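Notes to accompany the following structure.
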Amino acid sequence: MRIQVNGSSVETVPAITIEGLLQQLGYENQMVAVAINASCVPRQTFAEQSLQESDIIEILAPMAGG
Amino acid sequence: MWKVGDQTLSSRLLIGSARYPSPEVLQTSIEASGAEIVTVSLRRESALQNKAQGDSRFWDYLRSHARYLLPNTAGCSSVKEAVLTAQLARDFFETNWIKLEVIGNDETLQPDPFATVEAARILCREGFEVFPYTTEDLIVAEKLVEAGCRIVMPWGSPIGSGQGLRHVEALQSLRAHLPGITLIVDAGIGRPSHAAKALELGFDAVLLNTAVALAKDPPLMASAFKHAVIAGRQAYEAGAMEASSRAHASTPSIGMPFWHQESSL
């Protein structure tokens, strides 16, 4: 299926979990925050939460800030 | 010691983590500043592995050394974006503190007061401790307090400008009208004397970033700010004398030697 990740189109297996998507994109060793369709997804649920066709995903990482 | 939210702190300096020449300089600067609160951000990540590695040193240090992290909503220009960023930051950084920044003009980086108040109301209702970045406008500050904020952060002058406190009378008015609210000057501080001035006016603390990060020697400047904030607060507590338009001799005139008395004869 096709989803949007940080503004880019990404092809995944159907009903992939967030954890699976993070592995596919090479984030497995990195701490990130994730939003699906502009809703915050708690980190504890990354392994269970599965995605659907056309979902819009934002993956955020810590950055320096003022 | 002073209180911010439910925490008791000793340092009245809050420091940002951006724009330092290297992660090592960031680290030594934060240590030299004595700051207990360090601001951080959450941004869209690129899938490129090298970028992820570049950022990890900064994060590894802050995660293990900063006493309190204060995530911000920098870059947000709508209520919806700011609320979502705050929710993500709460989950990621495991804190209910959020520096709420909703920018209304990309050039001046002025906060959007209407969106800031609306976002503050939503976030306070959701249990956040909101640190709203605002102007020195009293009515906006009062609306933020009505929305549930216990902390208000007026700018001294535009972000990163280093101009110091542009509207001192307005800041004094804020302090006078909101005696029970924690007031932190955020943005525009360029020199330690600006920070000392804010504390002398009775502000509880200052938040700054660029003034340290872009100094020629950031750790030394961080130390200068540490001392300026202490000096400003002590001066406020000591109660400064009133300024006068006339000169007043500070040395007593009684007991002057005889030749002074002769010359006046």
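The listed protein sequences derive, respectively, from chains A and B. Here our numbering is used: position 18 in the first sequence is 62, and no number is missing along the way. Here our numbering is used: position 18 in the second sequence is 25, and no number is missing along the way. Built from N, CA and C at the ideal position, the CB exists for glycine as well. It should be emphasised that the depicted structure is a prediction, and the values quoted were computed from it without experimental measurement.
- Item | For B:LEU107, the three-state DSSP class (helix, strand or coil) | strand
- Task: Starting from A:GLU102, find everything on chain B with Cβ-Cβ shorter than 7 Å and list it in chain order.
- Result: ARG51
- Span of the beta strand (DSSP E) holding B:TYR243? Where B:TYR243 is concerned, there is no enclosing beta strand (DSSP E), although the alpha helix (DSSP H) it sits in stretches over 225-245.
- Note down, in chain order, every chain B residue with its Cβ under 8 Å from the Cβ of A:ARG87. ASP98 and PHE99
- Within its chain, find whatever has a CB closer than 8 Å to the CB of B:ARG132; leave out the 5 residues flanking it on each side and keep chain order. GLY155
- Below 8 Å CB to CB, which residues in the same chain sit around B:LEU95 once its five sequence neighbours on both sides are set aside? LEU49
- Name the chain A residues that come within less than 8 Å of B:TRP162, Cβ to Cβ? By Cβ distance, chain A contributes nothing, its closest Cβ being about 12 Å from B:TRP162, past 8 Å.
- Task: With 7 Å as the threshold, decide whether the Cβ of A:ARG46 is near any Cβ in chain B.
- Result: no
- Below 8 Å, can you find three or more Cβ-Cβ pairs linking the stretch 77-87 of chain B to the stretch 60-78 of chain A? no
- Query: What does a CB cutoff of less than 8 Å around B:GLY171 pick up in its chain, not counting 5 residues either side in sequence?
  - Reply: GLY163, SER164, GLY195, ILE196, GLY197, ARG198, SER200, HIS201 and LYS204
- Interface flag, B:GLN34 vs chain A, CB-CB below 7 Å: no
- Task: Hey, could you find the ends of the beta strand (DSSP E) A:GLN48 is sitting in?
- Result: 46-49
- Item | Simplified DSSP assignment, three categories, for B:LEU211 | Looking at the sequence provided, one finds Asp at residue 211 of chain B rather than Leu. In this structure, B:ASP211 counts as coil in the three-state DSSP scheme.
- Under 7 Å, do B:LEU208 and B:GLN179 count as touching if we go by C-beta distance? yes
- Task: Would you mind telling me which residues of chain A sit closer than 9 Å to B:LEU91, beta carbon to beta carbon, in chain order?
- Result: ALA79, ALA82, SER83, CYS84 and GLU102
- List the DSSP bridge partners of A:VAL85. A:VAL78
- Message: Rounding to the nearest angstrom, what Cα-Cα distance links B:LEU20 and B:ARG173 in this structure?
- Response: 20 Å
- Three-state secondary structure (DSSP) of B:ASP67: helix
- Hey, is the stretch 12-28 of chain B in contact with the stretch 73-92 of chain A, meaning 3+ C-beta pairs nearer than 8 Å? no
- Query: Can you check whether the CB of B:VAL32 is closer than 7 Å to the CB of B:LEU76?
  - Reply: no
- Task: Examine chain B for any beta-carbon lying closer than 7 Å to the beta-carbon of A:GLY109, and answer yes or no.
- Result: yes
- Item | Contact list for A:VAL57 against chain B, beta-carbon separation under 7 Å | Simply none; closest approach about 17 Å.
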